[in-house]
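Here is the structure we will look at.
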Amino acid sequence: AQSVAQPEDQVNVAEGNPLTVKCTYSVSGNPYLFWYVQYPNRGLQFLLKYITGDNLVKGSYGFEAEFNKSQTSFHLKKPSALVSDSALYFCAVRDLEGSTLGRLYFGRGTQLTVWP
Amino acid sequence: DTGVSQDPRHKITKRGQNVTFRCDPISEHNRLYWYRQTLGQGPEFLTYFQNEAQLEKSRLLSDRFSAERPKGSFSTLEIQRTEQGDSAMYLCASSLEAVNSPLHFGNGTRLTVT
């Protein structure tokens, strides 16, 4: 069965410090992995994706994520957090095998708060 | 790129009434998805279309729910005989056909069933 786990409901970090939002996944085949951000009363905005190749992928707004196949993880990172990064972050996976190829499976989300 | 548009933004209805939501995808996207999001949860997949064909349906999509995309452009999601448990944010997204294409989401329709 396909699933995504975001073990932390909340992450708090001071502005200027590095941040990490954790994600682990479970799929039958090879994964395509995505991170999205959601601001209050808005839809989800795409940040970055891992398809193949380099395990470190870079995305929008200075975010990056590291794919680790052995740990089935795809953690989101940023070297220096901004107050404006405060939002709800979702990890998502697409399983390349099986009958559910069309859908993305989302984690429950992690609320990131960056204080000044 | 005008983005994915959803209408209405908010809908309040009484239990037992029918409601219909509309989604207009990004024009060059041939895939369209419906998700449901409740408080404290990530989006849950409901269904998706490739052009006008409905290719996948979740078990969450009970027989009270129906989605259409008649001309392969906009889509509607109808909920019949609404229940309080249907209260949620209904998100529409669109994408290109390639499996590595990200989904682009609209701002959602928030349904409240009283």
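Top line first, the protein sequences correspond to chains A and B.
Convert by adding 2 to the 1-based position in the first sequence; the result is the number in our numbering.
Convert by adding 526 to the 1-based position in the second sequence; the result is the number in our numbering.
Cβ atoms here follow ideal geometry from the backbone N, Cα and C, with glycine treated the same way.
Here the structure is a predicted model, which is why all the values come from computation and not from measurement.
query, result
"What does T112/A pair with, by DSSP beta-bridge criteria?", "Y91/A"
"Pick out the complete beta strand (DSSP E) segments inside the segment 23–102 of chain A, 3 residues or longer, and give them in chain order.", "26–28, 33–40, 46–52, 58–60, 66–70, 75–80 and 89–97"
"Show which residues of chain A have a CB atom less than 8 angstroms away from the CB atom of P551/B.", "By Cβ distance, chain A contributes nothing, its closest Cβ being about 12 angstroms from P551/B, past 8 angstroms."
"Select from the segment 45–79 of chain A all residues with a C-beta closer than 7 angstroms to any C-beta belonging to chain B, and list them in chain order.", "G45, L46, F48, K51 and I53"
"Distance cutoff 7 angstroms, beta carbons only. Does G598/B sit that close to anything in chain A?", "no"
"Quick one: what does DSSP say Q567/B is sitting in, helix, strand or coil?", "coil"
"Residues of chain A with CB under 9 angstroms from L629/B, in chain order?", "F36, Y38, L46, F48, A94 and L106"
"So, with DSSP's three-state summary, where would you put Q580/B?", "strand"
"Candidates I605/B, L581/B and R636/B: which alpha carbon is nearest N556/B's?", "L581/B"
"For the beta strand (DSSP E) holding I552/B, just list the boundary residues, first then last.", "Segment: none, I552/B is in no beta strand (DSSP E) and carries neither H nor E."
"Would you call the CB atoms of Y616/B and R562/B closer than 7 angstroms?", "yes"
"Only counting the same chain, and skipping five residues up and downstream in sequence, which positions put a Cβ closer than 6 angstroms to that of T602/B?", "T546, R548 and E594"
"Does the Cβ of Q40/A have 16 or more other Cβ atoms within 10 Å, making it buried, or fewer, making it exposed?", "buried"
"Please list the partners that G109/A has in chain B, where partner means a Cβ-to-Cβ separation under 9 angstroms.", "G568"
"Alpha carbon to alpha carbon, what distance is there between L21/A and L103/A?", "31 angstroms"
"Distance, Cα to Cα, S30/A vs A7/A?", "15 angstroms"
"Checking contacts by CB at 7 angstroms: is G632/B closer than that to chain A?", "yes"
"Quick check on V85/A: buried or exposed, where buried means 16 or more other Cβ atoms within 10 Å of its Cβ?", "exposed"
"Can you look up D533/B in the DSSP assignment and give me helix, strand or coil?", "strand"
"For T74/A versus Y38/A, is the C-beta distance shorter than 7 angstroms?", "no"
"At a CB-CB cut-off below 9 angstroms, which residues of chain B make contact with L98/A?", "V625"
"Can you tell me which of the three DSSP states Q8/A falls into?", "coil"
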